[in-house]
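All remarks here apply to the structure that follows.
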Amino acid sequence: ATYAVVTINQQALFFNQIDDGAKKAADAAGDKLVVFNANNVPSAQNDAIETYITQKVDGIVLVAIDVNGVKPAITAAKKAGIPVIAVDAQIPGGDNVAFVGVDNAKAGEQIGSFFADYVKKDMGGKAKVGIVGALNSFIQNQRLDGFKKTASVAGVTFADTVDGQNVQDVALTASENLMTANPSMTAIYATGEPQLIGAVSAVDTAGRKDKVKVFGWDLTAQAVKGIDEGWVAAVVQQDPFTEGKIAIESLAKLKKGGTVDPIIHVPVTIVTKANVGQYSGMFK
Amino acid sequence: MTIPVQAAASSSRLRPRTLKDRFLANGSVGSIALFFLFVVALFSLTTEDFLSLDNVLNVLRQSAPLLIVATAMTLVITTGGIDLSVGSVLALTSALCAILIHAGLPWALVMVLMLLVGALVGAIQGFFVAYEGIPSFIVTLAGLSVIRGLALLMTGGYSVPIPSDIAFVGLGRAWILGMPLPALIAAAVLLVGFVTFNETPFGRYVTGIGANAEAVRRAGVNTRGVTLLVYVLSGSLAALAGLVLAARLGSGSSNAGQGFELDVIAAVVLGGTSLFGGRGTMVGTILGALTVAAIGNGLILAHLSPFLTPIVTGSIILVAIWMNFRIFRGAGRKR
Amino acid sequence: MTIPVQAAASSSRLRPRTLKDRFLANGSVGSIALFFLFVVALFSLTTEDFLSLDNVLNVLRQSAPLLIVATAMTLVITTGGIDLSVGSVLALTSALCAILIHAGLPWALVMVLMLLVGALVGAIQGFFVAYEGIPSFIVTLAGLSVIRGLALLMTGGYSVPIPSDIAFVGLGRAWILGMPLPALIAAAVLLVGFVTFNETPFGRYVTGIGANAEAVRRAGVNTRGVTLLVYVLSGSLAALAGLVLAARLGSGSSNAGQGFELDVIAAVVLGGTSLFGGRGTMVGTILGALTVAAIGNGLILAHLSPFLTPIVTGSIILVAIWMNFRIFRGAGRKR
Amino acid sequence: MDGGVPRVRMRGISKRYGTIQTLDDVSLDLMPGEVLGLVGDNGAGKSTLSKVLSGAVVPDAGTIEIDGRAVAFASPAEARAQHVEMVYQDLSLCDTVDVAGNLFLGREPRRRVLGIPFLDKPRMRADAAAMLTSLGISVPDITVQVENLSGGQRQSIAIGRAASFDPKVLIMDEPTAALAVAEVEAVLELIRTVSARGVSVILITHRLQDLFLVCDRLQVMYEGRAIAQRSIVDTDIEEVVDLIVGRKFTARSAGHARPAGHARSAETARPARSDRPSDSPGASPP
Amino acid sequence: MDGGVPRVRMRGISKRYGTIQTLDDVSLDLMPGEVLGLVGDNGAGKSTLSKVLSGAVVPDAGTIEIDGRAVAFASPAEARAQHVEMVYQDLSLCDTVDVAGNLFLGREPRRRVLGIPFLDKPRMRADAAAMLTSLGISVPDITVQVENLSGGQRQSIAIGRAASFDPKVLIMDEPTAALAVAEVEAVLELIRTVSARGVSVILITHRLQDLFLVCDRLQVMYEGRAIAQRSIVDTDIEEVVDLIVGRKFTARSAGHARPAGHARSAETARPARSDRPSDSPGASPP
Ligand SMILES: Nc1ncnc2c1ncn2[C@@H]1O[C@H](COP(=O)(O)OP(=O)(O)OP(=O)(O)O)[C@@H](O)[C@H]1O
Ligand SMILES: Nc1ncnc2c1ncn2[C@@H]1O[C@H](COP(=O)(O)OP(=O)(O)OP(=O)(O)O)[C@@H](O)[C@H]1O
Ligand SMILES: [Mg+2]
Ligand SMILES: [Mg+2]
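Top line first, the protein sequences correspond to chains W, B, Z, H and Y.
For the first sequence, my numbering begins at 1130 and goes up steadily by one.
For the second sequence, my numbering begins at 3 and goes up steadily by one.
For the third sequence, my numbering begins at 3 and goes up steadily by one.
For the fourth sequence, my numbering begins at 169 and goes up steadily by one.
For the fifth sequence, my numbering begins at 169 and goes up steadily by one.
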């Protein structure tokens, strides 16, 4: 059978690991896997799905950019008898057979309450946190909202939110400016990989490692090093490899006439100094 | 005029115009046409479904927004200007129309409003370009930023769904006489654009302004008005494309059309319109846009690794253009 | 020449050149200079830290890649060309240098290699533009796609860490005499660029090619060679910027510098260089780049909501440029 | 000259570019049907003065009257509306537009379909061919873009454009500079014909002998000022040369060998103009 | 003319643009120190022929010899290396570059610092001012961009550029078209001076009277072919006019009134040239 993965871009490790997981599962089952990279353009995902429909692939794994905007294409696929599994971003009211991924709002709340605890225990109960987000990303906005929900406890104040635009050098400049604008800031929360790279570099080069604690999403080598050194406090690590793998396995199951759960949540891990050891091998 | 008529010198040194001459005279269009055929041939040989009816209609439907906006962009670039804001206008109208429909306004009214919004945005930008003499690159770059910012502000970064049970979505999804409606809309826009560009005084002035704006002004033409109108058209057609896209996707998002301006400009320039103004071709634009769309579609069908897609896309364009420039060397555009 | 000398007609109708004349004669530079001062004044009044030494040095460090590439882009645009591939070249060299350093090559060698890679990429693109006559927009748009594709292919989408204990990272982070090294590098590049552009025959030909390439060719200049060299410079300086950025970030990634080309072009055009070629100013470019950086920095310092940032940025640019155009009306650039 | 309302009356026209006072309090009168030669050294301000009259340059100071009514041209469109047409020295052609398109620029024959104006291309081509033939111009191909034409062919097109649209005032800024001998004759003949019909003509030229074939009067400019006027019958080439140069000057290239023969030159030139109404203010416009 | 190696020898030059055969098997000879007038109707192919010699146009067929050696110019740089300089009809100036920059384009005086060539701006300005003065040109300000100059001023700069760099062959394509009377005299004087030094000159002009003041020989082109050659002493303006037009033609504007006086005109013109070596193939180049 032939399965297609329609992804967002290939410049974040996260998406590539989804592809890798999917590839692994497909190879194991002797299936063919094709990948389409939409380069952050929402309508390109639609175009690709429609193209795969005309080509009659056996199933589609979709990492959506615009979760509403892909619905017609998913519906068309369903009509054509091609199952679509959404990964990472849930499609509200969509015709996809299943969703595999992290509950971003929930995980945002998780890191938020971790943050609240951390502030109480390790920061003397007071923190001023600045945020490096990607405003045009739906799921990163969810992570931001979830975080704010549980992190807003007594003693925590929010400084500005800046837009890293999912590009690491933009995020770097924005983070630096964020620190300049808020000299009394004691923590940064970054909602995605490019944002975290930018924030980590900014704190590092500004020599603020002793003053600012970094929280964020998606490990990289620099983040691992920061955790080792203690100034990166916690990073939400998803398991995109497993997400991709489960998605393809589910499609295979459907193909054989089986059924799958409509929502398959893959848990996240909050990586701290305590458990970073098991990840450091990934980033050599 | 009755002044002494002197026999025009004989044309002993003119030889009849051959088919080849005609082809060479339209150098840039000939070049992109050959290239387009080459791309089509390539993909029909290497993939199975490329020339299937479904796929062809699919490509046409997908490229409708590109074709619609490229029509106006051809005019803008022919005047020697540029409009970098089209992607943002598309995002703004797609987001705003979703919001308004969501809020319960009748969709027909929303459509009219969106076209007016596009025209207004174009008029504001056109005013700065035509009447204040600010380079269009700066004006529309500022516009790009401001307009997408407005869309972001209105949506808060979330995408707004459009109910799929209202007639509005037909704008992006309906089929009429076996053709997808977006493709028909694009065809109509292109036809009007072609006629306007080639058969009306307005179109003539557009070319003239790009070639020598002062000469057109000295000929008594209201060059500022013409320039303003070109940007109004560009804004309106970007709004139309935004409506079509929102209807097709069933959602409006401030994310829509990122980098769209570069695609549109690429299609127009690939078609043979000169960025220096004065030379534009609507047929070339159609071919340029379809070529871009065909390459994107064909590479998916060919199951190329996505890591190789950008490399192959760029290389195809460069090598094919290069070969055609070698064939047409000495003819065609100069820069 | 010894031919009869005839007294030049008296200059009774010349009046002495006033300061205002000089200012108006340099219309575009005067305009951006005023605008820059306006932006600086605005933010020093509305925010606390804007003019603090720390922040100023920070802005300079941040804008180093922009300034470096804008120097070369000024030359490219003055010849009437454009280089859309600079962001991709920056990504390629930042990724490749991280990979090679990771693989254990000495960093000095890596730096030299990267500059050569940039020069080579520029030479290939320059060849198509200068010797094959393909519009630079198409060539470098294809380059944008191919080169970032290569970076993607090499990194597999991973961001590659650069160990922060080697001297290489000093390129992005070191301080010399109280100044950040990237800022010093940018200053050196700008100085060399300024002198080259204004004081050498090469710089003269760059302007001439933009004004009337055929005239320069007829004057016996190797215009193709000059054009090629301009793209080589552009590629090399984009590579240098990539190195600085990689050193500052401590990692190389194919994601670096997305949309960077538009920022660079915006800075150059804002500075008063004409996209039609023939009119370029290095001082304007510096001011343009610093203005863009200052606005970005100042708005964050002013605690503006990020949703309003693009709107305010675009509006400031447009309104201020517009006011300056009104002051300089009749002087300065024509298009 | 005296008596009758002048077709054009310019007073106190001044224009400064940066440090240079290009025009300094210049006046100019032009009667209906009159041909005025405007001469002067390079850079004297002739082109600038005529551009003021054609609306292409807005002066810093000064007034213009057309047929006794004060006008102020903010753009060439307004001057063209008053039937002032000009052949610009730089020709002002659109290089990438074809011959017919340039001839009719701003005056395209239109065909309305459903109220929308379309270009009447067949008529444009036919009329364009007729216009060129009447000027004795042969252009290899009327659909060719003007950038591919020779210098003289380009100039002919600029002349054809200005002359064809029923002007009341026709300004020609060095119209014959690039023209070959037969084409020059055709242009001079054209000037005679239109002025006989009452069109007022301003002819700027450095071919001084031509002035004596068609002009009624000369106005000399020097460094931005109008310094002299001469009725054509009261002057000769030598005096004109001296006025232009600003001192006694011998120009063997100025059409007539000197010193002999100059008296005759004016004589032989004049009879040529006997067929046209002499300075008749009453000649009705076409 | 006969005897001696010609400075320039062009044979069988042909060039086609699209459907038009612009040059059709044209030959041209030019001796050292000779001044050749190249005349013909508009569009006859004069400019194209001279561009072939200056390297700006590569012909489809034909050979060129310079001083007996066969050359093939693929670019103007190669022709300039052989000391062929040309004043182009369209002037070929860089509008946004200043006067001095245009004069020295491609030949900038340089000052080496650490082996890097820098523009020697003070010298450029001083030399430029001297060059212009020697041509009798007054430009208001030498640092002004040429786009702001008058037509005649622009033309003077193009002439200054070609004449100043020690040419062996100087081609002037309608150099005097936009020039005022004193400047025309200066250019004609320039031609006499340089040809006296052994420079070969090709002068293309529609001011036929000028030909008789400076030329040794005329070549007439008609519709892309060289149809006639005349030694200047064997012809007169009337014949030249007839050759250009291709039939009997009366041109009162051609410098001399007809029918009277034409015999004398050639006479009065010739003595002016007595001060220069007549057709001397042996005159040594400067
Ligand atoms: N736009 C401008 N900017 C600056 N200077 C100008 C401009 N236009 C004209 N000038 C100056 O004004 C003077 C007069 O120019 P103008 O073109 O009117 O001269 P002209 O009499 O037509 O000369 P020519 O016989 O050479 O055509 C010149 O010195 C020129 O440099
Ligand atoms: N690049 C070109 N493309 C097409 N046709 C051309 C080109 N260059 C010249 N021609 C044609 O060749 C013919 C000769 O042109 P050329 O400029 O040599 O004439 P000319 O003798 O210099 O005329 P003039 O006296 O008007 O300057 C013209 O009919 C012109 O249209
Ligand atoms: Mg003039
Ligand atoms: Mg010519």
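The C-beta atom is built at its ideal place from N, Cα and C for all residues, glycine as well.
Note that the coordinates shown come from a computational prediction; the quantities given were computed from them, not determined experimentally.
For a test of the three-state rule: what should DSSP assign to residue i, helix, strand or coil?
i: tyrosine 1318 of chain W; result: strand
i: serine 446 of chain Y; result: For serine 446 of chain Y, the pLDDT reaches just 38, beneath the cut-off of 50, and the residue's location in the model is therefore unreliable, leaving the point undetermined.
i: phenylalanine 286 of chain H; result: strand
i: threonine 187 of chain Y; result: coil
i: valine 1261 of chain W; result: strand
i: proline 312 of chain Z; result: helix
i: serine 433 of chain Y; result: No answer about serine 433 of chain Y holds up, because its pLDDT of 37 lies below 50 and its placement is not dependable.
i: threonine 301 of chain Y; result: helix
i: alanine 1133 of chain W; result: strand
i: phenylalanine 380 of chain H; result: helix
i: methionine 116 of chain Z; result: helix
i: alanine 425 of chain Y; result: Confidence in alanine 425 of chain Y is poor, its pLDDT being 37 and thus under 50, which makes the residue's placement unreliable; the coordinate value appears in the next sentence. Coil at alanine 425 of chain Y, not helix or strand.
Does chain Z have any CB closer than 9 Å to the CB of residue i?
i: lysine 1354 of chain W; result: yes
i: leucine 1142 of chain W; result: yes
i: proline 116 of chain Y; result: In this structure chain Y extends from 169 to 454, so residue 116 of chain Y is not present and cannot be described.
i: arginine 328 of chain B; result: yes
i: serine 1281 of chain W; result: no
i: asparagine 1306 of chain W; result: yes
Assuming contact is defined by CB atoms lying nearer than 9 Å, are residue i and residue j in contact in what I supplied?
i: leucine 381 of chain H; j: leucine 358 of chain H; result: no
i: valine 1213 of chain W; j: glycine 1188 of chain W; result: yes
i: valine 220 of chain Y; j: methionine 178 of chain Y; result: yes
i: leucine 320 of chain Z; j: isoleucine 136 of chain B; result: yes
For a cutoff of 9 Å on Cβ pairs, would you count residue i as touching chain H?
i: leucine 317 of chain Y; result: yes
i: threonine 283 of chain B; result: no
i: proline 201 of chain B; result: The question names proline, but residue 201 of chain B in the sequence shown is glutamate. Chain H contact via Cβ: present.
i: asparagine 214 of chain B; result: yes
i: valine 352 of chain Y; result: yes
Any Cβ of chain C within less than 9 Å of the Cβ of residue i?
i: alanine 43 of chain Z; result: The structure shown contains no chain C; the protein chains it does contain are W, B, Z, H and Y.
Strictly under 9 Å for the Cβ-Cβ distance: is residue i near chain B by that measure?
i: glutamate 1179 of chain W; result: yes
i: alanine 1234 of chain W; result: no
i: leucine 235 of chain Z; result: no
Where DSSP assigns a beta bridge to residue i, which residues make up the other side?
i: valine 239 of chain Y; result: Y:Ile232
i: glutamine 387 of chain H; result: H:Leu206, H:Gln397
Using a Cβ-Cβ distance cut-off of 9 Å, determine whether residue i contacts chain Y.
i: proline 227 of chain H; result: no
i: alanine 217 of chain Z; result: yes
Could you confirm whether any beta carbon from chain W is found closer than 9 Å to the beta carbon of residue i?
i: tyrosine 207 of chain B; result: no
> With contact counted as at least three CB pairs below 8 Å, one residue from each stretch, are the segment 388-406 of chain Y and the segment 390-407 of chain H in contact?
Replying inline: no
Problem - the segment 226-235 of chain B contacting the segment 110-130 of chain B, beta-carbon criterion three pairs below 8 Å - result: yes
- Would you check if the segment 233-244 of chain Z and the segment 44-57 of chain Z touch, i.e. whether three or more CB-CB distances between them fall below 8 Å? no
Is there contact between the segment 60-73 of chain Z and the segment 212-222 of chain Z, where contact requires at least three CB pairs shorter than 8 Å? no
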